[in-house]
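Trainee: First the structure, which I've put down as structure tokens, then a few questions once you've had a look.
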Amino acid sequence: GEDVEQSLFLSVREGDSSVINCTYTDSSSTYLYWYKQEPGAGLQLLTYIFSNMDMKQDQRLTVLLNKKDKHLSLRIADTQTGDSAIYFCAEGDAGGTSYGKLTFGQGTILTVHP
Amino acid sequence: GAGVSQTPSNKVTEKGKYVELRCDPISGHTALYWYRQSLGQGPEFLIYFQGTGAADDSGLPNDRFFAVRPEGSVSTLKIQRTERGDSAVYLCASSRTANTGELFFGEGSRLTVL
Chain A
34 GEDVEQSLFL
44 SVREGDSSVI
54 NCTYTDSSST
64 YLYWYKQEPG
74 AGLQLLTYIF
84 SNMDMKQDQR
94 LTVLLNKKDK
104 HLSLRIADTQ
114 TGDSAIYFCA
124 EGDAGGTSYG
134 KLTFGQGTIL
144 TVHP
Chain B
4 GAGVSQTPSN
14 KVTEKGKYVE
24 LRCDPISGHT
34 ALYWYRQSLG
44 QGPEFLIYFQ
54 GTGAADDSGL
64 PNDRFFAVRP
74 EGSVSTLKIQ
84 RTERGDSAVY
94 LCASSRTANT
104 GELFFGEGSR
114 LTVL
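As you go down the protein sequences, you meet chains A and B in turn. All residue numbers for the first sequence refer to our numbering, where the first residue is 34 and numbers rise by one. All residue numbers for the second sequence refer to our numbering, where the first residue is 4 and numbers rise by one.
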């Protein structure tokens with residue numbers, strides 16, 4: 034079955050760039066997603082990338098996809114204290130009944146220090 | 004409301020009891036998902052509804068778990084004979100259609116089984 038792995042913790046200084054990494058196993062995944070979870074709030078979709086793309090940029094966010102190595106990363110430029118949260122990588126079940134049936138990684142806790 | 008609403012936000016019950024968790028999705032969203040998130044883990048898929056029907060219930064752990072969506076809007080997740088291992092945050096999400104992984108999550112219902 035699908036498996037998604039992430040590093041558990043990342044600590045950066047305010048203003049620096051953050052890079053969160055993820056590996057996945059299902060080579061047939063059509064879309065890969067990054068969700069953010071803040072305390073007391075529901076998961077929020079940050080960005081996604083289609084599997085035939087190598088890179089996607091959205092304001093401070095850059096997603097890189099290495100399909101050969103099944104490696105996905107999320108770079109946050111100029112990280113702010115408000116970016117402190119848990120970040121989840123997820124892959125869609127391309128062969129299944131719905132693109133919303135996602136397999137999530139265990140999440141990376143990002144801590145931003147002033 | 005504007006977002007996905009889940010009730011109760013917290014539920015404490017005793018082993019062996021019956022529990023119902025309710026989800027009110029975003030108006031007009033046809034797809035509805037239930038996920039379960041254990042401490043320190045990412046969400047795990049339980050079941051997905053397209054309209055009134057359960058299109059994929061492959062994530063339900065056993066037959067003590069059941070979910071309905073009788074009118075294609077509000078959904079209820081039902082857990083019979085609760086066990087301590089059922090303790091987790093149960094997340095509901097909705098999306099406009101099933102052809103997207105852009106899910107809108109509620110804040111979750113935290114279930115504690117004593």
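For each residue, glycine too, the CB sits at the ideal point set by N, CA and C.
#1: Taking the alpha-carbon positions, what's the Leu143/A to Ser44/A distance?
#2: Determine, using beta-carbon pairs with one atom in the region 95-112 of chain A and one in the region 75-85 of chain A, whether at least three such pairs fall under 8 Å.
#3: State buried or exposed for Ala5/B, treating a residue as buried only when at least 16 other CB atoms are found within 10 Å of its CB.
#4: Taking Asp27/B as the query, report the chain A residues whose CB atoms sit under 8 Å from its CB, ordered along the chain.
#5: Just to confirm, are Pro46/B and Leu35/B a CB contact at a threshold of 8 Å?
#6: By Cβ distance, which residues of its chain are closer than 6 Å to Leu24/B, with the 5 residues on each side in sequence left out?
#7: In the DSSP output, which residue or residues are listed as bridge partners for Asn85/A?
#8: Identify whether Arg84/B lies in helix, strand or coil by the three-state DSSP scheme.
#9: Just how far apart, CA to CA, sit Ile50/B and Thr100/B?
#10: Would you check if the distance between the CB atom of Leu94/A and the CB atom of Leu79/A is smaller than 8 Å?
#11: DSSP on Gly122/B, reduced to helix/strand/coil?
#12: Please list, in chain order, all residues of the same chain as Gly104/B whose beta carbon is under 7 Å from its beta carbon, the five residues on each side excluded.
#13: Under 7 Å, CB to CB, which of the residues in the region 10-41 of chain B have a partner in chain A?
#14: Keeping to the same chain, check which residues put their C-beta closer than 7 Å to that of Ser117/A; ignore five residues upstream and five downstream.
#15: So what does DSSP say about Thr114/A, is it helix, strand or coil?
Mentor: In short, the structure shows the following:
#1: 6 Å
#2: yes
#3: exposed
#4: In chain order: nothing, as chain A lies at least about 13 Å away.
#5: no
#6: Result list for Leu24/B: Leu80, Tyr93, Ser112, in chain order.
#7: None, per the DSSP bridge assignment.
#8: coil
#9: 15 Å
#10: In contact: Leu94/A and Leu79/A (Cβ atoms closer than 8 Å).
#11: Outside the shown range of chain B, which is 4 to 117, sits residue 122/B, and nothing can be said about it.
#12: none
#13: Ala34, Tyr36
#14: Leu143, Thr144, Val145
#15: helix
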